[in-house]
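Going line by line, the protein sequences match chains B and U. Read in order, the letters of the first sequence are residues 11 to 300 in our numbering. Read in order, the letters of the second sequence are residues 11 to 300 in our numbering. Virtual Cβ for every residue (Gly too), placed ideally from N, Cα, C.
There are 2 protein chains.
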Amino acid sequence: MSAALIDGKAVAASLRERIADDVADFAASAGRVPGLAVVLVGDDAASAVYVRNKAAACAAAGIAGHEHRLPADTSEEALLAVVLGLNADPSVDGILVQLPLPPQIDASRILAAISADKDVDGFHATNAGRLATGLPGFVPCTPLGCLHLIRSVGPDLRGAEAVVIGRSNIVGKPMAALLLGADCTVTIAHSRTRDLPEVARRADILVAAVGRPEMVRGDWVKPGAIVIDVGINRIASTPGRTKLVGDVHFAEASAVARAITPVPGGVGPMTIAMLLANTLEAARRHAGLA
Amino acid sequence: MSAALIDGKAVAASLRERIADDVADFAASAGRVPGLAVVLVGDDAASAVYVRNKAAACAAAGIAGHEHRLPADTSEEALLAVVLGLNADPSVDGILVQLPLPPQIDASRILAAISADKDVDGFHATNAGRLATGLPGFVPCTPLGCLHLIRSVGPDLRGAEAVVIGRSNIVGKPMAALLLGADCTVTIAHSRTRDLPEVARRADILVAAVGRPEMVRGDWVKPGAIVIDVGINRIASTPGRTKLVGDVHFAEASAVARAITPVPGGVGPMTIAMLLANTLEAARRHAGLA
């Protein structure tokens, strides 16, 4: 291994400390703390863990977490009413509806109902449009965290060749928009791309966000590249056990890259940090302090 | 010259005929014709020509053109009031505010005030977001016209390498989003791109939208590529005369490309045709017929 490890846990921890300081400053100026409402419908075990982690992170940063747990048989109309209530609640700066939602609820309708100015997940079409057109808005937490990690090892991205593998609305596309905003030459590759290894090999900055375990091999990586691995895939390891791997074959890629994120401990920890940052930013805007 | 000429004038003419038929069908179903409001502030000569051309194209297609001419010293508030009135007018399906606006008016504030559902120019952030996230909305007319021209010579774009030079909100970025939606591998290049000729040479589909006369030379073009030239630049020709050229060196590129748009007569004529198409689409949606 020759690549430097990009320690997302450490970057996220120092970011969260800085956010906590900024939250304290905000509270002193605004006379109130920022508030994040987290809505959980049903009792999906993984979702419950995520929501608990978010609540703990809010508490540690001095952000008020408003938790709303609704039964699994909640109707779409009832959930919509909750969202509209949170839109109108001045103590709530950010609203996060934990996905997935039960099958009787149209998630896209719920997400569209969240006020764009409280959409700290950045999933609303209005925020996607603000990002695309260079207006201030909210950017999805995962690509925003990736950009922080990239900048931690490569502060000047102007003219760099960036390749994003994956074109989801919540990672690939906003990631491409952010890298374009940083003056990279940006390529979006995906399942239809003809020669994915060759396209990947162009990249000074390679972001993999496809959800396919260890798809990106060592010979897909340009020597000296920065590699950001968004994938979190659980695969079988020794008999009867499993382990987490990314979309990148870590051992191979780290022999070639200049810097690389591990899985776990790379992109993952950044997501909650960016959620806190977005919530603080929402509070500043609502208070006229942005 | 070996490349096939992509005749935008002919493609646009046949499209406009089809739109006229569809407008007649719409009128028969909805009991009214689609309406496009065009707002012109001041007396910029070029703008007056554009507005006249749009009005004539509407009339030929059976679309009612509502022209609003306001004096050059119109205040932002007065123009805003006109826009809000048009938003509320059920006979108006599309609203187009001709740019540029006089200096006392903040164009971004005016464009943001147009109802996203009447924004047939596709300039509103909400429509940019809808395009980015794959929701139905309105796409800016120029890149939409380019996609039509590309499809006229290369109907199946899946897996093709597309390179867009230029990253404006009204051409480059939406063009990239459209090509991504057509399953191309898409690269956005721009003034900060390190080796623009090399990046351009990757392209099976090359779109130039930078506003620099004849910047794209023959050796930037991959043999067999489809070349779309969005630029319209007036340069000096013989002493005392001028001529229009694109962003592509036509003579050189047409020796290498498989198909290429001329300037004039390529992308230009498509823009008004797409404006009519967007206005008809808006009318269908407003009438619940989409």
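Exercise. Return the residue from the list Ala142/B, Gly182/B and Pro146/B that minimises the CA-CA distance to Val181/U.
Key: In the second sequence, the residue the question calls residue 181/U occupies position 171. Taking each of Ala142/B, Gly182/B and Pro146/B in turn and checking the Cα distance to Val181/U, the smallest one comes out for Ala142/B.
Practice problem: Quick one: residues in its chain with C-beta nearer than 6 Å to the C-beta of Leu25/U, no 5 flanking neighbours on either side, listed in chain order? | Solution: Indexing the second sequence from 1 puts residue 25/U at position 15. Closer than 6 Å at Cβ, skipping near neighbours: Ala283.
Self-check item: Residues that DSSP places opposite Leu15/B in a beta bridge
Solution: As a working note, residue 15/B is residue 5 in the first sequence. Bridge partners of Leu15/B: Ile270/B.
Quiz prompt | Contact set between Asn97/U and chain B, taken where Cβ atoms lie within less than 9 Å | solution = Stepping through the second sequence from its first residue, residue 97/U is reached at position 87. Here the premise fails: no neighbours, minimum Cβ distance about 17 Å.
Quiz item: What residues are listed by DSSP as bridge partners for Leu80/U?
Solution: Counting from 1 along the second sequence, the entry for residue 80/U is found at position 70. Its beta-bridge partners are Val51/U.
Practice problem: Determine which residues share a DSSP beta bridge with Leu106/B and list them. | Solution: Along the first sequence, one-based indexing puts residue 106/B at 96. For Leu106/B, which the question treats as bridged, DSSP gives the partners Val48/B.
Practice problem: Return yes when the Cβ of Val255/U is within less than 8 Å of the Cβ of Val266/U, no when it is not. | Solution: As a first step, residue 266/U is located in the second sequence; it is residue number 256 there, counting from the start. As a first step, residue 255/U is located in the second sequence; it is residue number 245 there, counting from the start. Not a contact, by the Cβ cut-off of 8 Å.
Exercise. Just the C-alpha distance for Ala269/B and Phe260/B, rounded to the nearest angstrom, thanks.
Key: Reading the first sequence from its first residue, position 259 is the one you call residue 269/B. Reading the first sequence from its first residue, position 250 is the one you call residue 260/B. Ala269/B and Phe260/B: Cα-Cα distance of roughly 11 Å.
Quiz prompt | Pair within 8 Å by beta-carbon distance, Val316/U and Ala219/U | solution = Outside the displayed range of chain U (11 to 300) lies residue 316/U, so it cannot be described from this structure.
Practice problem: Using DSSP bridges, identify the partner residues of Val226/B. | Solution: The residue labelled residue 226/B in the question sits at position 216 within the first sequence. Answer is Val258/B.
Quiz item: Can you round the beta-carbon distance between Leu96/B and Val48/B to whole angstroms, since I take them to be within the 8 Å contact cut?
Solution: As a position in the first sequence, residue 96/B is number 86, starting the count at 1. As a position in the first sequence, residue 48/B is number 38, starting the count at 1. Cβ-Cβ separation between Leu96/B and Val48/B: approximately 10 Å, too far for a contact (criterion under 8 Å).
Exercise. Could you please give the first and the last residue of the uninterrupted beta strand (DSSP E) stretch that includes Asn243/B?
Key: Taking the first sequence and counting its residues from 1, the one referred to as residue 243/B is at position 233. Where Asn243/B is concerned, the enclosing beta strand (DSSP E) starts and stops at Asn243 to Ala246.
Quiz item: Shorter than 8 Å from the beta carbon of Leu216/U to some beta carbon of chain B?
Solution: For the purposes of this step, residue 216/U is taken as residue 206 along the second sequence, with counting starting at 1. No - not a single Cβ of chain B is within 8 Å of the one on Leu216/U.
Quiz item: Hey, would you say Glu307/B sits closer than 8 Å to Ala213/B, going by beta carbons?
Solution: In the structure displayed, chain B extends from 11 to 300; residue 307/B sits before or after that span and is not available.
Quiz item: What in chain D is Cβ-close to Thr152/B, meaning under 8 Å?
Solution: In the displayed structure, chain D is absent; the protein chains listed are B and U.
Exercise. Report the three-state DSSP secondary structure of Val130/B (helix, strand or coil).
Key: The sequence position of residue 130/B within the first sequence is 120, counting from 1. When DSSP states are grouped into helix, strand and coil, Val130/B belongs to the coil group.
Quiz item: Given a limit of 9 Å on CB to CB distance, which residues of the stretch 136-151 of chain U reach chain B?
Solution: Against chain B - using a Cβ distance shorter than 9 Å - the residues of the stretch 136-151 of chain U are Thr136, Asn137, Ala138, Gly139, Arg140, Leu141, Ala142, Thr143, Gly144, Leu145 and Gly147.
Quiz prompt | Buried or exposed by the 16-neighbour rule on C-beta atoms within 10 Å, applied to Asp35/B | solution = For this step, residue 35/B is matched to residue 25 along the first sequence. It is exposed - the Cβ of Asp35/B has fewer than 16 other Cβ atoms within 10 Å.
Quiz item: For the ligand ZN, is there a heavy atom less than 7 Å away from the beta-carbon of Val92/U?
Solution: Absence of the ligand ZN from the depicted structure is noted, as is the absence of any ligand whatsoever, leaving it without description.
Practice problem: Decide yes or no for the touch test of the stretch 64-84 of chain U against the stretch 184-195 of chain U: beta carbon pairs closer than 8 Å, at least 3 of them. | Solution: No: the two stretches stay apart, fewer than three of their Cβ pairs being nearer than 8 Å.
Quiz item: Can you tell me where the beta strand (DSSP E) with Ile198/U in it begins and where it stops?
Solution: Counting from one through the second sequence, the residue named residue 198/U turns up at place 188. Start and end: Thr195 to Ala199.
Quiz item: Hey, quick one: how far does the beta strand (DSSP E) through Ile215/U stretch, first residue to last?
Solution: Locating residue 215/U in the second sequence gives position 205, counting from the first residue. Under the DSSP assignment, Ile215/U falls in the beta strand (DSSP E) whose first and last residues are Ile215 to Ala218.
Quiz item: In the DSSP assignment, what residue or residues form a beta bridge with Ile175/B?
Solution: Within the first sequence, residue 175/B is the residue found at index 165, counting from 1. Its beta-bridge partners are Ala199/B and Ala218/B.
Exercise. Identify whether Gly169/B lies in helix, strand or coil by the three-state DSSP scheme.
Key: Counting from one through the first sequence, the residue named residue 169/B turns up at place 159. Coil.
Self-check item: One or two residues paired with Lys253/U in a DSSP bridge
Solution: Locating residue 253/U in the second sequence gives position 243, where the first residue counts as 1. Partner(s): Ile245/U.
Quiz item: Taking DSSP as the reference, what is the three-state secondary structure of Ile160/U?
Solution: Residue mapping note: residue 160/U aligns to position 150 of the second sequence, counting from 1. DSSP places Ile160/U in the helix class (H, G or I) of the three-state scheme.
Quiz item: Taking the Cβ atom as the reference point for each residue, do Leu121/U and Pro153/U lie within a distance shorter than 8 Å?
Solution: Start at 1 with the first residue of the second sequence, and residue 121/U comes out as number 111. Start at 1 with the first residue of the second sequence, and residue 153/U comes out as number 143. Taking 8 Å as the Cβ cut-off, Leu121/U and Pro153/U do not qualify as a contacting pair.
Quiz item: Where does the unbroken beta strand (DSSP E) through Ile236/U begin, and where does it stop?
Solution: In the second sequence, residue 236/U corresponds to position 226, counting from 1. Per DSSP, the unbroken beta strand (DSSP E) holding Ile236/U starts and ends at Ile236 to Asp239.
Quiz prompt | Which listed residue (Gly278/B, Ala235/B, Asp229/B and Gly228/B) has its alpha carbon closest to that of Asn243/B | solution = Looking up residue 243/B in the first sequence gives position 233. The shortest C-alpha separation from Asn243/B is found at Gly278/B.
Quiz item: Which first and last residues belong to the alpha helix (DSSP H) in which Ser125/U is found?
Solution: Taking the first residue of the second sequence as 1, we reach residue 125/U at position 115. Counting along the chain, Ser125/U sits inside no alpha helix (DSSP H), nor does DSSP assign it H or E at all.
Quiz item: Any contact of the stretch 126-137 of chain B with the stretch 283-292 of chain B, i.e. 3+ C-beta pairs under 8 Å?
Solution: When Cβ pairs closer than 8 Å are counted between the two stretches, the stretch 126-137 of chain B is seen to touch the stretch 283-292 of chain B, the count reaching three or more.
Self-check item: Members of the stretch 166-188 of chain B near chain U, C-beta cut-off 7 Å
Solution: Across the stretch 166-188 of chain B, CB contacts with chain U closer than 7 Å involve Arg168, Gly169, Arg177, Asn179 and Lys183, in sequence order along the chain.
Quiz item: Of all the CB atoms in chain B, is at least one closer than 8 Å to the CB of Leu190/U?
Solution: The sequence position of residue 190/U within the second sequence is 180, counting from 1. Judged by the 8 Å Cβ criterion, Leu190/U is in contact with chain B.
Quiz item: So, using beta-carbon positions, are Ala88/U and Val33/U closer together than 8 Å?
Solution: Along the second sequence, one-based indexing puts residue 88/U at 78. Along the second sequence, one-based indexing puts residue 33/U at 23. In this structure, Ala88/U sits away from Val33/U, with a CB-CB distance that is not shorter than 8 Å.
Quiz item: How big is the Cα-Cα spacing for Pro185/U and Gly276/U?
Solution: Against the second sequence, residue 185/U aligns to sequence position 175. Against the second sequence, residue 276/U aligns to sequence position 266. It should be pointed out that residue 185/U corresponds to Met in this sequence rather than to Pro. So the two alpha carbons sit approximately 16 Å from each other.
Practice problem: Answer yes if the stretch 245-255 of chain U comes into contact with the stretch 153-162 of chain U, meaning at least three C-beta pairs across the two stretches below 8 Å, and no otherwise. | Solution: No, the stretch 153-162 of chain U is not in contact with the stretch 245-255 of chain U.
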